[in-house]
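For reference, the structure is listed below as structure tokens.
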Amino acid sequence: MVQNFLKLEIPSKSENESLARIVISAFAAQLDPTIEEISDLKIAVSEAVTNAIIHAYDSEEGIIYIHAFLEENKLTLEVIDHGMGIEDLEQARQPLFTTKPELERSGMGFTIMESFMDKVEVESFPGQGTTVRMVKEINKNKKVQSKEG
Amino acid sequence: MVQNFLKLEIPSKSENESLARIVISAFAAQLDPTIEEISDLKIAVSEAVTNAIIHAYDSEEGIIYIHAFLEENKLTLEVIDHGMGIEDLEQARQPLFTTKPELERSGMGFTIMESFMDKVEVESFPGQGTTVRMVKEINKNKKVQSKEG
Amino acid sequence: MEIELKLVRKNLIVRLKGELDHHTASCFREEVEREFEKEIAQNLVLNLGELTFMDSSGLGVILGRYRRITEKGGKVVVTNMQPQVERLYSLSGLQKIIPHYRREEEALRNL
Amino acid sequence: MEIELKLVRKNLIVRLKGELDHHTASCFREEVEREFEKEIAQNLVLNLGELTFMDSSGLGVILGRYRRITEKGGKVVVTNMQPQVERLYSLSGLQKIIPHYRREEEALRNL
Ligand SMILES: Nc1ncnc2c1ncn2[C@@H]1O[C@H](COP(=O)(O)OP(=O)(O)O)[C@@H](O)[C@H]1O
Ligand SMILES: Nc1ncnc2c1ncn2[C@@H]1O[C@H](COP(=O)(O)OP(=O)(O)O)[C@@H](O)[C@H]1O
Numbered sequence: 001m002v003q004n005f006l007k008l009e010i011p012s013k014s015e016n017e018s019l020a021r022i023v024i025s026a027f028a029a030q031l032d033p034t035i036e037e038i039s040d041l042k043i044a045v046s047e048a049v050t051n052a053i054i055h056a057y058d059s060e061e062g063i064i065y066i067h068a069f070l071e072e073n074k075l076t077l078e079v080i081d082h083g084m085g086i087e088d089l090e091q092a093r094q095p096l097f098t099t100k101p102e103l104e105r106s107g108m109g110f111t112i113m114e115s116f117m118d119k120v121e122v123e124s125f126p127g128q129g130t131t132v133r134m135v136k137e138i139n140k141n142k143k144v145q146s147k148e149g
Numbered sequence: 150m151v152q153n154f155l156k157l158e159i160p161s162k163s164e165n166e167s168l169a170r171i172v173i174s175a176f177a178a179q180l181d182p183t184i185e186e187i188s189d190l191k192i193a194v195s196e197a198v199t200n201a202i203i204h205a206y207d208s209e210e211g212i213i214y215i216h217a218f219l220e221e222n223k224l225t226l227e228v229i230d231h232g233m234g235i236e237d238l239e240q241a242r243q244p245l246f247t248t249k250p251e252l253e254r255s256g257m258g259f260t261i262m263e264s265f266m267d268k269v270e271v272e273s274f275p276g277q278g279t280t281v282r283m284v285k286e287i288n289k290n291k292k293v294q295s296k297e298g
Numbered sequence: 299m300e301i302e303l304k305l306v307r308k309n310l311i312v313r314l315k316g317e318l319d320h321h322t323a324s325c326f327r328e329e330v331e332r333e334f335e336k337e338i339a340q341n342l343v344l345n346l347g348e349l350t351f352m353d354s355s356g357l358g359v360i361l362g363r364y365r366r367i368t369e370k371g372g373k374v375v376v377t378n379m380q381p382q383v384e385r386l387y388s389l390s391g392l393q394k395i396i397p398h399y400r401r402e403e404e405a406l407r408n409l
Numbered sequence: 410m411e412i413e414l415k416l417v418r419k420n421l422i423v424r425l426k427g428e429l430d431h432h433t434a435s436c437f438r439e440e441v442e443r444e445f446e447k448e449i450a451q452n453l454v455l456n457l458g459e460l461t462f463m464d465s466s467g468l469g470v471i472l473g474r475y476r477r478i479t480e481k482g483g484k485v486v487v488t489n490m491q492p493q494v495e496r497l498y499s500l501s502g503l504q505k506i507i508p509h510y511r512r513e514e515e516a517l518r519n520l
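So the protein sequences, as listed, match chains A, B, C and D. Heads up, the first sequence is in the numbering used here, so the first residue is 1 and it goes up one at a time. Heads up, the second sequence is in the numbering used here, so the first residue is 150 and it goes up one at a time. Heads up, the third sequence is in the numbering used here, so the first residue is 299 and it goes up one at a time. Heads up, the fourth sequence is in the numbering used here, so the first residue is 410 and it goes up one at a time.
What follows is the structure, given as structure tokens:
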């Protein structure tokens with residue numbers, strides 16, 4: 001059984017968005033995912049990390065924690081910040097909702113995480129920070145095939 | 150000025166050797182290093198992480214901490230374990246010295262770190278663990294060129 | 299990310315190469331704004347053929363250009379979209395307001 | 410890492426592709442040991458042309474094969490080394506005991 005994890009700590013700099021994507025791709029590669037699965041994970045982690053940079057820390061410097069866990073073919077990703085938090089979670093997760101239209105935000109971050117991952121949970125404490133926990137089953141289709149074959 | 154850091158925590162599994170190399174390459178990429186410099190960093194981190202897996206934790210599972218700091222064009226790498234530590238550091242750093250010949254170790258790990266990085270410091274406390282701190286100046290040649298040109 | 303600009307009559311062709319995220323979005327925005335300030339180009343043809351990654355920050359910056367350009371009576375179209383980017387594009391609803399063509403020539407004929 | 414094996418007379422040609430580190434070394438060791446146990450091959454020709462990474466664990470496992478094979482009177486040679494791997498090879502002193510040829514054919518002629 002594959003079991004592994006990583007914990008990554010990086011400052012909230014926009015240069016680190018691509019770093020976060022590379023780290024998660026490399027970590028997930030241990031499950032031999034499809035190109036599409038890798039692409040889904042990259043976009044999901046990119047959205048969560050960008051949100052921490054722009055919204056949580058309001059473009060000031062803070063720390064972002066990225067945790068990834070592999071268990072069999074299930075990958076869990078956590079993106080944690082100690083930033084300003086979210087007052088109204090339901091509203092924040094609505095498509096097209098953004099508090100920063102002046103920065104040309106599309107308001108599609110959470111919607112994208114939800115469509116490209118199997119599960120997205122958000123915990124947030126105003127003034128304390130936010131944790132986005134996302135789960136994706138890797139090789140869902142491959143598994144079915146080998147059962148049938 | 151480029152200033153950035155990352156802290157990575159991974160279990161001492163051999164699968165994570167390549168992960169550590171990818172993370173350090175991606176991090177160093179922010180300085181636009183040469184192919185040779187990237188290759189030097191990859192081999193140095195690979196040696197230190199492999200040592201933590203094989204020697205520090207004696208192939209049992211422990212945690213490895215990898216810290217990287219960028220300051221201007223200086224990259225500092227720390228590979229830290231809480232494993233068994235090294236009794237005689239001077240002997241350990243000698244070329245061809247190994248305590249695990251039965252695992253076909255070449256005894257060249259420290260020698261390689263020293264030749265591919267600018268500086269290597271080892272701190273170790275028997276029974277408590279080891280910290281390998283390595284420094285490399287990136288784009289040493291480019292800088293000289295642009296000064297001359 | 300690399301940006302290639304080319305002016306064909308009143309149409310600015312912008313070819314993006316690499317990754318369009320929040321970090322690279324500002325560079326894209328500035329390059330395009332600078333060109334449109336010259337008041338030569340009217341329409342924007344965005345070639346995404348060599349874009350290997352795009353997220354919602356990319357959607358946002360494209361939408362931002364769409365707003366500025368259509369305000370002045372110009373048009374924005376997208377070409378050469380890769381499958382991964384296309385998924386994002388249809389999910390976002392951007393496809394309803396920004397036409398998508400297979401190739402630049404096709405886009406230019408329809409402007 | 411991918412391993413390709415080919416027997417040419419008494420010479421086992423092993424082509425390594427990818428990264429040779431502590432993680433992949435055991436796979437390489439087992440494949441080669443299995444072949445030599447058949448007692449057909451006598452010499453080992455190691456083609457490193459498509460090796461993109463190697464560290465001291467790679468040196469160790471190559472040295473290990475060298476010891477086992479020379480013990481039984483066989484020879485070990487290396488071919489197609491890339492610059493990065495070559496730097497490691499000369500640093501380690503391995504070049505003094507394991508000959509290096511540009512190509513497999515050249516190595517085979519000299520065995
Ligand atoms: N980590 C976070 N910390 C604080 N607020 C957040 C965070 N993530 C998201 N938000 C809030 O949720 C809103 C919606 O987020 P999202 O769907 O990603 O769209 P966008 O980033 O384009 O605004 C943001 O505008 C912001 O107000
Ligand atoms: N992190 C570590 N923890 C404990 N011992 C270590 C560690 N790193 C190195 N050593 C000791 O130093 C010796 C020399 O290390 P090295 O030069 O890397 O060669 P090798 O790994 O091939 O043995 C090892 O054999 C081991 O005894």
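Here a beta-carbon is modelled for each residue, glycine too, at the ideal position from N, C-alpha and C. Since the model is a prediction, treat every value here as computed from it, not as a measurement.
Looking at I311/C and L318/C, is the spacing between their C-beta atoms short of 9 Å?
-> When the beta-carbon positions are compared, L318/C and I311/C stay at least 9 Å from each other.
Compare the C-beta of E239/B against all C-beta atoms of chain D and say whether one is closer than 9 Å.
-> Taking Cβ atoms only, chain D never reaches closer than 9 Å to E239/B, which makes this a no.
Contact list for G469/D against chain B, beta-carbon separation under 7 Å = Neighbours of G469/D in chain B, taken as residues at a C-beta separation under 7 Å, are given in chain order as E253, R254, S255.
Proximal residues of chain B, C-beta to C-beta of F97/A below 7 Å = Under the 7 Å cutoff, chain B gives no residues; its nearest Cβ is about 31 Å from F97/A.
Whole angstroms is fine: what's the gap from K140/A's alpha carbon to M266/B's?
-> C-alpha separation (whole angstroms): 43 Å.
Whether C436/D touches I412/D by CB criterion (9 Å) = Yes, the pair counts as a contact, with Cβ atoms nearer than the cut-off.
How do the region 335-342 of chain C and the region 371-385 of chain C stand: do at least 3 beta-carbon pairs fall below 8 Å, yes or no?
-> A contact exists between the region 335-342 of chain C and the region 371-385 of chain C.
Which chain D residues are close to K191/B, counting only those with a beta carbon under 7 Å from its beta carbon?
-> Residues of chain D passing the Cβ test: F462.
Could you name the residues of chain B that Q493/D contacts, counting a contact when the two beta carbons are closer than 7 Å?
-> Chain B residues near Q493/D: S188.
E209/B, enclosing alpha helix (DSSP H) - first and last residue | Here E209/B belongs to no alpha helix (DSSP H), and DSSP marks it neither H nor E.
Flag T50/A as yes if its beta-carbon sits less than 9 Å from any beta-carbon of chain C, otherwise no.
-> For T50/A, the answer is yes, since a Cβ of chain C falls inside 9 Å of its Cβ.
Which residues, taken in chain order from the region 361-382 of chain C, show a beta carbon closer than 7 Å to some beta carbon of chain A?
-> Correct list: L361, G362, Q382.
Examine ligand 2 and report whether any of its heavy atoms sits within less than 8 Å of the Cβ of M257/B.
-> Checking the Cβ of M257/B against ligand 2 gives yes.
Could you tell me the distance, in whole angstroms, from the CA atom of N519/D to the CA atom of I507/D?
-> Going from the Cα of N519/D to the Cα of I507/D covers about 13 Å.
Report yes or no: is there a C-beta of chain B within less than 9 Å of the C-beta of E439/D?
-> Judged by the 9 Å Cβ criterion, E439/D is not in contact with chain B.
In the structure shown, what three-state DSSP assignment does K13/A receive?
-> Reduced to three states, the DSSP call for K13/A is coil.
For R474/D, name the three-state secondary structure that DSSP assigns.
-> In this structure, R474/D counts as helix in the three-state DSSP scheme.
For R418/D, the nearest candidate out of R424/D, T479/D, M490/D, E448/D (CA to CA) | Nearest in C-alpha terms to R418/D, of all of R424/D, T479/D, M490/D, E448/D, is E448/D.
When we look at the beta-carbon of S12/A and count the other beta-carbons within 10 Å, is it buried (16 or more) or exposed?
-> If you draw a 10 Å sphere on the C-beta of S12/A, you find 16 or more other C-beta atoms in it, and that means buried.
For E442/D, which residues in chain B fall below 9 Å Cβ to Cβ?
-> Per Cβ cutoff of 9 Å: no residues; E442/D is ~12 Å from chain B at best.
Does G83/A get closer than 9 Å to chain C when you measure Cβ to Cβ?
-> Chain C has no Cβ within less than 9 Å of the Cβ of G83/A.
Near N153/B, which residues of its chain fall below 8 Å by C-beta distance, leaving aside the five closest residues on each side in sequence?
-> These residues qualify, in order along the chain: F176, Q179, F218, L219.
Contacts of E317/C in chain A (Cβ-Cβ under 7 Å) | The contacting residues are S18.
Interface partners of S354/C on chain F, CB under 7 Å | Although the question refers to chain F, the structure presented lacks it and instead comprises the protein chains A, B, C and D.
Name the one or two DSSP bridge partners that V343/C has.
-> In the DSSP assignment, the residues bridged to V343/C are I311/C, V375/C.
Beta-carbon separation (whole angstroms), S188/B vs Q493/D, contact threshold 8 Å = Yes, S188/B and Q493/D are in contact; Cβ-Cβ is about 5 Å, under 8 Å.
Evaluate D88/A with the Cβ neighbour count: other Cβ atoms within 10 Å of its Cβ, from every protein chain shown; 16 or more gives buried, anything less gives exposed.
-> By the neighbour-count rule (16 or more Cβ atoms within 10 Å), D88/A is not buried but exposed.
Taking the continuous beta strand (DSSP E) assigned at K268/B, which residues delimit it?
-> Start and end: 268-274.
Ligand 3 heavy atom lying under 8 Å from the CB of R21/A | With respect to ligand 3, the structure offers nothing, as its ligand set consists of ligand 1 and ligand 2.
Among N489/D, E446/D, Y510/D, G469/D, which one has its Cα closest to the Cα of G502/D?
-> For G502/D, the nearest C-alpha among the options comes from G469/D.
Consult DSSP for M299/C and reduce its assignment to one of helix, strand or coil.
-> Look at M299/C here: in three-state DSSP terms it is coil, with no helix or strand label.
DSSP three-state assignment for Q179/B, whether helix, strand or coil | Three-state result, Q179/B: helix.
With DSSP run on the structure shown, which of helix, strand or coil describes T247/B?
-> It is coil, neither helix nor strand.
Identify which residue in H432/D, G427/D, R443/D has its Cα closest to the Cα of I478/D.
-> For the residues H432/D, G427/D, R443/D, the minimum Cα distance to I478/D belongs to R443/D.
Under 9 Å between beta-carbons, which chain C residues line up against I54/A? List them in chain order, please.
-> Within chain C, H320, S355 have C-beta atoms less than 9 Å from the C-beta of I54/A, given in sequence order.
For R105/A, count neighbouring Cβ atoms within 10 angstroms of its own Cβ and tell me buried if that reaches 16, exposed if not.
-> A buried status is given to R105/A, since no fewer than 16 other beta-carbon atoms sit within 10 Å of its beta-carbon.
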